[in-house]
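Asks: Following this message is one structure expressed as structure tokens.
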Amino acid sequence: MAKTVNSTPRLTAKGFVGPGGGKASYVEAPPEYRGTSVQVCGLWPFAAGSGTPMIGTPIGTSLIGGRTTVCFDPISWFVRAKLIHNPSMFVLGLPGLGKSTFVRRTVLGVAASGVVPMILGDLKPDYSDLVTALGGQVIRLGRGLGTLNPLAAGTLGSILPQLSGRTKDRVRAEVHGRRLHMVAGLIGVIRRRPISDGEETILSAALHVLDAAFNKGTPPLLTDLLKVLDEGHPQVRAVTLDRGEDERYRQEVDPLQRSLIGLLDGPLGATFAQHTSTPIDVNAPAVCIDISGITASDERLTAAVLLSCWSDGFGAIEAANVLADEGLAPQRRFYAVLDELWRVMRVPGLVDRTDELTRVNRQHGVGTAYITHTGLDAESLAREEDRAKARGFIERAGAIVCGGLPRRELAQLSEVVAFSRAERRMITEWSTPASWDHESGREMPPPGQGNFMLKVGQRPGIPVHVELTRSELASNVHNTNKRWV
Numbered sequence: 001m002a003k004t005v006n007s008t009p010r011l012t013a014k015g016f017v018g019p020g021g022g023k024a025s026y027v028e029a030p031p032e033y034r035g036t037s038v039q040v041c042g043l044w045p046f047a048a049g050s051g052t053p054m055i056g057t058p059i060g061t062s063l064i065g066g067r068t069t070v071c072f073d074p075i076s077w078f079v080r081a082k083l084i085h086n087p088s089m090f091v092l093g094l095p096g097l098g099k100s101t102f103v104r105r106t107v108l109g110v111a112a113s114g115v116v117p118m119i120l121g122d123l124k125p126d127y128s129d130l131v132t133a134l135g136g137q138v139i140r141l142g143r144g145l146g147t148l149n150p151l152a153a154g155t156l157g158s159i160l161p162q163l164s165g166r167t168k169d170r171v172r173a174e175v176h177g178r179r180l181h182m183v184a185g186l187i188g189v190i191r192r193r194p195i196s197d198g199e200e201t202i203l204s205a206a207l208h209v210l211d212a213a214f215n216k217g218t219p220p221l222l223t224d225l226l227k228v229l230d231e232g233h234p235q236v237r238a239v240t241l242d243r244g245e246d247e248r249y250r251q252e253v254d255p256l257q258r259s260l261i262g263l264l265d266g267p268l269g270a271t272f273a274q275h276t277s278t279p280i281d282v283n284a285p286a287v288c289i290d291i292s293g294i295t296a297s298d299e300r301l302t303a304a305v306l307l308s309c310w311s312d313g314f315g316a317i318e319a320a321n322v323l324a325d326e327g328l329a330p331q332r333r334f335y336a337v338l339d340e341l342w343r344v345m346r347v348p349g350l351v352d353r354t355d356e357l358t359r360v361n362r363q364h365g366v367g368t369a370y371i372t373h374t375g376l377d378a379e380s381l382a383r384e385e386d387r388a389k390a391r392g393f394i395e396r397a398g399a400i401v402c403g404g405l406p407r408r409e410l411a412q413l414s415e416v417v418a419f420s421r422a423e424r425r426m427i428t429e430w431s432t433p434a435s436w437d438h439e440s441g442r443e444m445p446p447p448g449q450g451n452f453m454l455k456v457g458q459r460p461g462i463p464v465h466v467e468l469t470r471s472e473l474a475s476n477v478h479n480t481n482k483r484w485v
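When we follow the UniProt record's numbering, the leftmost residue of the sequence shown carries the number 1, and every step to the right adds one.
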């Protein structure tokens, strides 16, 4: 029996299939244009809404969905868009893929909206040129460059004369606590382990003695703290439970004295033994503490300076908030950038100090950017409690921004952040090394350079490519290879 052939053309997306249908082999995508709802309202129904948020700093274009613009910064997404639960982000990615460029773009955006960026420890430096271009304050620390006194009251202490009553008492106690944590952290760096509770009590008593002796004028130095311990002030002896026995007192304070002597005479002494050379100016449009003068191989000094910068910076932020609460100054918002987080976490005992310092978020008007290489930085810590606290930095972040990461490291990060199969594939592909151009004899840019996955909670990620503007390229603020030019 003969088969009946259906000669009716069938309609498809490329035309009619069948004899004489004229089906196209290739259909070019129509050009896309972007505009506000006011500009394109007359084009309905030929207009479609963007699938990416348009609130915040313009970052670049989406790698999916027709190259739509992606806008993001943790402060705008928290305050205006209500998309994240706290104004913070954690940025991870292999070196050379553009982490600093991504963060610099957010710094530029929040500064334009009136927020004060505070770069609390710029190691390379990555941000000092940008802060200078914004008319901000650049503070340089390091051997022969600048010094930081851990016993100085800082910006927070400088506002005490303007306060009264319970507020003054609270701020004075806060200044004492910050100085105590700073000295304890520095001693922990010297010892490579945290100090004991008893030693912290002794330090607290000694600092109270110094507060009474240096109530006005020039703040004390670490040498003055050493002198108080050596002289055996009654207030200090009382907390050592020496019961009037000099030998018992010496057993309690000698380890602290040895550590302080090592701090003053060792590699940290040149930075922490003198008065603070340049205090932070919270009225500046931006602040950058440049510590690029410190040798990168000196891990202990780098960690100690970073911790000091964070303490000093958050103290300045607290001072601005207190003045605003008392009606003595307008309310200001800040954006703290904590780069090279792994350098501090590697020093035993400093994870606790970092955790204490960085627990400032929405109540304090502070947005925070944490930057490190990979999630494995947390897994490399010796103690399980330190690893758990370090993972908490990622878990508490309002948004996670991932550059290229190897498969193994992404698997570790997946225990904290949920990635789809497609997101995993993109992030691992971005970690592919750069290829070699045989014609020009030069290395090509890595395929994942400038690509990031923006994750918020369990929502699908937004893959974005950072695109630099002409003004940014002309200003050279993103060029971190100036010495190779």
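Ideal Cβ positions, reconstructed from N, Cα and C, are used throughout, including at glycine.
Roughly how many whole angstroms lie between the Cα atoms of P234 and V287?
Replies: 42 Å
Asks: Rounded to a whole number of angstroms, what is the C-alpha to C-alpha distance between T302 and G121?
Replies: 9 Å
Asks: Using C-beta distances below 6 Å, list every residue in its chain close to G109, excluding the 5 sequence neighbours before and after it, in chain order.
Replies: Listed in chain order, the non-local C-beta contacts of G109 below 6 Å within the same chain comprise T57, D73, local neighbours out to five positions each way being set aside.
Asks: Thinking C-alpha only, which one of I59, R10, T132 is nearest residue 487?
Replies: The chain is shown from 1 up to 485; residue 487 falls before or after that span and cannot be answered.
Asks: What does a CB cutoff of less than 8 Å around V477 pick up in its chain, not counting 5 residues either side in sequence?
Replies: R104, D129, L130, A133
Asks: Determine the contact status of L263 and E199, defining contact as a CB-CB distance below 9 Å.
Replies: no
Asks: Counting only the same chain and skipping the five closest in sequence on each side, list residues whose C-beta sits under 8 Å from that of R483.
Replies: Low confidence applies to R483: its pLDDT is 49, below 50, so where it sits in the model is not reliable, and the reading given next is rough at best. Cβ neighbours of R483 beyond the five flanking positions: none.
Asks: Assuming F78 is part of the alpha helix (DSSP H), what are its boundary residues?
Replies: 74 to 79
Asks: Distance check for N479 and V485, CA to CA, integer angstroms please.
Replies: The predicted model places V485 with a pLDDT of 48, which falls under 50 and marks its position as unreliable, so this point remains unresolved.
Asks: Taking only runs that begin and end inside the region 253 to 277, name each unbroken alpha helix (DSSP H) of 4 or more residues, in chain order.
Replies: You should have 269 to 272.
Asks: Quick one: what does DSSP say K168 is sitting in, helix, strand or coil?
Replies: helix
Asks: What runs of the beta strand (DSSP E), each 3 residues or longer, lie entirely inside the region 219 to 259?
Replies: Listed in chain order, there is nothing to give.
Asks: I need the boundaries of the alpha helix (DSSP H) containing L163, first residue and last residue.
Replies: Careful: L163 lies outside any alpha helix (DSSP H) and carries neither H nor E.
Asks: Would DSSP call W484 helix, strand or coil?
Replies: Unreliable positioning characterises W484 in this predicted model, as indicated by a pLDDT of 44, which lies under 50. The coordinate reading is nonetheless provided below. Of the three classes helix, strand and coil, the one that applies to W484 here is helix, per DSSP.
Asks: Excluding sequence positions up to five away, which residues of its chain have a Cβ less than 7 Å from the Cβ of R191?
Replies: S259
Asks: Would R343 and L306 qualify as a contact pair, given that the criterion is a beta-carbon distance under 9 Å?
Replies: yes
Asks: Which residue from R10, H364, T276 puts its Cα closest to that of G144?
Replies: T276
Asks: Please say whether A336 and G185 have beta carbons closer to each other than 9 Å?
Replies: no
Asks: If we ignore side chains and look at the alpha-carbon of each, how far apart do F16 and I462 end up?
Replies: 37 Å
Asks: On the DSSP bridge assignment, give the partners of L207 in chain order.
Replies: L207 is not bridged by DSSP to any residue.
Asks: When the Cα atoms are used, what is the spatial distance from R332 to G367?
Replies: 12 Å
Asks: Let me know the secondary structure DSSP gives L151 once reduced to three states.
Replies: coil
Asks: Looking at the structure shown, is V287 part of a helix, part of a strand, or coil, going by DSSP?
Replies: strand
Asks: Please list the terminal residues of the continuous beta strand (DSSP E) segment that includes I119.
Replies: 116 to 122
Asks: L156 to V171, Cα distance in whole Å?
Replies: Separation of L156 and V171 (C-alpha to C-alpha, rounded to the nearest whole angstrom) is 7 Å.
Asks: Do the CB positions of L141 and C309 come within less than 9 Å of each other?
Replies: yes
Asks: Would DSSP call R140 helix, strand or coil?
Replies: DSSP places R140 within a strand segment (E or B) once states are collapsed to three.
Asks: Please confirm if the region 111 to 119 is in contact with the region 235 to 244, defined as three or more CB-CB distances below 8 Å between the two stretches.
Replies: no
Asks: Taking C-beta to C-beta, are G98 and N451 nearer than 9 Å?
Replies: yes
Asks: List the endpoints of the continuous beta strand (DSSP E) containing T106.
Replies: Here T106 belongs to no beta strand (DSSP E); instead the alpha helix (DSSP H) covers 99 to 112.
Asks: Tell me which residue opens and which closes the beta strand (DSSP E) that I59 is part of.
Replies: 58 to 62
Asks: Taking the CB atoms as reference points, tell me whether L92 and C402 lie closer together than 9 Å.
Replies: yes
Asks: In the DSSP output, which residue or residues are listed as bridge partners for S88?
Replies: Beta-bridge partners of S88 (DSSP): T368.
Asks: Put G177 into one of helix, strand or coil per three-state DSSP.
Replies: helix
Asks: Are K455 and I400 closer than 9 Å when you measure CB to CB?
Replies: yes
Asks: Let's see if you can read the secondary structure: which residues bound the beta strand (DSSP E) around V477?
Replies: No beta strand (DSSP E) holds V477; DSSP gives it neither H nor E.
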